[in-house]
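Chains as they are written, first to last, in my numbering: chain A, 1 to 269; chain B, 1001 to 1162.
Each residue gets a CB set at the ideal place from its N, CA and C atoms; glycine is no exception.
Treat the numbers as computed from the prediction; the structure is a model and nothing was measured.
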């Protein structure tokens, strides 16, 4: 399909252009959308871009951070205040992908991609929609993701993690040093070191989009991490999850290893 | 399909060309301005042989919408040598048998240059990370890693940062 490209100086204008045409897709860094364009079978006829600097802005205020949806993984790695996100950003592709891959693009990445979004889900981020779209929790936003394709994400906000032990991330892949993930796990464990309150455990590739493990969260809440607690969280981790089968791993394999890796993440950090 | 004018610097030279809507940078470099050094591999951002530097940052040119390089500086393997003199990375690849079929080499060279431009003395682990988005099906990577490490640690003058 022949496509047209529209570039807007202002984010809100790009949001309107996107919202007004169901055959339009937003081009963030291009790492996902250009694959489809190169294949020549894109299910859209228009690409919308923006040059708005606000789209690529990182703002810190007090204990919170706002990441413009156009912030790249490389920009996150270059920002010392975001060191808690560095292991996550570094897990996305090689350097040439990270120069282009954006926070906003990752929100739309289908399995087996979307590892950064898995971390955002564990961290309880908020997603801000451009125009008059308002703000929603990442849980709600992911639930409605298919309906959000023509809504332009302006930014993602989250609380900065200052205690390294309270946020953990692991991407499991067959290829070293990196490849497409079999699964990814992000664990936010406030109070880690003493009793955990409000644990958020998110898995990537254990469903069609990043998903929280309510079973593991229940097993961890009110507990201190030790071998038995980690074992209980691992045993409960699969409750309600529907892993995907793809060329990287089967559903069966993902079910077999998810608990093992969660336990390692909890025990080894 | 609309044609759009685009101007950018390619290896220090100003280029002006027309691009189609949706055309990727790799296609424009190879067919539009005749630089055949970045290779067409997967067109999916997976193999890395099309890697170029845009304003000094490594990018997959196959995943780069051509019109987004307007006003930017693009460096390809063609911009590495200085006349008849090869870039130290090119010499190291040649002397240490870091290329077999050679198809990945342009991407490997640009990934290595991106690393050494910002980190002239990387560890082996950092070299491995720097080329982690580039696939080689011939060498097993060891010769490539060793070649990059042999250039690393040289002074910027010897390394020939341009």
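CA-to-CA distance, residue j to residue i, given in whole angstroms
{"i": "residue 91 of chain A", "j": "residue 1023 of chain B", "result": "28 Å"}
{"i": "residue 1060 of chain B", "j": "residue 30 of chain A", "result": "10 Å"}
{"i": "residue 1120 of chain B", "j": "residue 1093 of chain B", "result": "17 Å"}
{"i": "residue 269 of chain A", "j": "residue 260 of chain A", "result": "13 Å"}
{"i": "residue 1136 of chain B", "j": "residue 1043 of chain B", "result": "16 Å"}
{"i": "residue 249 of chain A", "j": "residue 179 of chain A", "result": "12 Å"}
{"i": "residue 1139 of chain B", "j": "residue 1127 of chain B", "result": "16 Å"}
{"i": "residue 1029 of chain B", "j": "residue 15 of chain A", "result": "31 Å"}
{"i": "residue 245 of chain A", "j": "residue 1076 of chain B", "result": "39 Å"}
{"i": "residue 233 of chain A", "j": "residue 165 of chain A", "result": "17 Å"}
{"i": "residue 1123 of chain B", "j": "residue 1111 of chain B", "result": "15 Å"}
{"i": "residue 175 of chain A", "j": "residue 9 of chain A", "result": "40 Å"}
{"i": "residue 1005 of chain B", "j": "residue 18 of chain A", "result": "24 Å"}
{"i": "residue 93 of chain A", "j": "residue 118 of chain A", "result": "15 Å"}
{"i": "residue 1062 of chain B", "j": "residue 59 of chain A", "result": "31 Å"}
{"i": "residue 1055 of chain B", "j": "residue 1047 of chain B", "result": "21 Å"}
Where the beta strand (DSSP E) through residue i begins and ends
{"i": "residue 1088 of chain B", "result": "From DSSP, residue 1088 of chain B is part of no beta strand (DSSP E) but of the alpha helix (DSSP H) over 1088-1095."}
{"i": "residue 68 of chain A", "result": "64-68"}
{"i": "residue 1016 of chain B", "result": "1013-1020"}
{"i": "residue 1059 of chain B", "result": "1057-1060"}
{"i": "residue 132 of chain A", "result": "Neither: residue 132 of chain A is in no beta strand (DSSP E) and is coded neither H nor E."}
{"i": "residue 1045 of chain B", "result": "First-last for residue 1045 of chain B: undefined, no H or E at that position."}
{"i": "residue 6 of chain A", "result": "4-8"}
Neighbour list for residue i in chain B, Cβ cutoff strictly below 9 Å
{"i": "residue 273 of chain A", "result": "Any answer about residue 273 of chain A is impossible in this case: the structure gives chain A only from 1 up to 269."}
{"i": "residue 178 of chain A", "result": "1129, 1132, 1133"}
{"i": "residue 31 of chain A", "result": "1045, 1060, 1063"}
{"i": "residue 226 of chain A", "result": "The premise fails here: residue 226 of chain A is roughly 32 Å from chain B at the closest Cβ pair, so nothing lies under 9 Å."}
Beta-carbon neighbours of residue i, restricted to chain A and to distances below 7 Å
{"i": "residue 1058 of chain B", "result": "95, 96, 99"}
{"i": "residue 1021 of chain B", "result": "3, 4, 5"}
Limits of the alpha helix (DSSP H) - the one that residue i falls within
{"i": "residue 263 of chain A", "result": "251-268"}
{"i": "residue 59 of chain A", "result": "That residue, residue 59 of chain A, is in no alpha helix (DSSP H); its beta strand (DSSP E) goes 58-61."}
Residue i vs residue j beta-carbon contact at 9 Å
{"i": "residue 130 of chain A", "j": "residue 152 of chain A", "result": "yes"}
{"i": "residue 182 of chain A", "j": "residue 173 of chain A", "result": "yes"}
{"i": "residue 201 of chain A", "j": "residue 1045 of chain B", "result": "no"}
{"i": "residue 1179 of chain B", "j": "residue 1072 of chain B", "result": "For residue 1179 of chain B there is no data in the structure shown, the boundaries of chain B being 1001 and 1162."}
{"i": "residue 1010 of chain B", "j": "residue 1033 of chain B", "result": "yes"}
{"i": "residue 184 of chain A", "j": "residue 204 of chain A", "result": "yes"}
{"i": "residue 64 of chain A", "j": "residue 95 of chain A", "result": "no"}
Per-residue contacts from residue i into chain A (C-beta, under 9 Å)
{"i": "residue 1012 of chain B", "result": "Those within 9 Å of residue 1012 of chain B in chain A number zero; the least Cβ separation is about 21 Å."}
Partner residues on chain B for residue i, Cβ-Cβ distance less than 8 Å
{"i": "residue 27 of chain A", "result": "1065"}
{"i": "residue 35 of chain A", "result": "1043, 1044, 1045, 1063"}
Interfacial residues, the stretch 1124-1158 of chain B to chain A, with Cβ spacing under 9 Å: 1125, 1128, 1129, 1130, 1131, 1132, 1133, 1134
Chain B contacts made by the stretch 55-81 of chain A, where a contact means CB separation under 7 Å: 74
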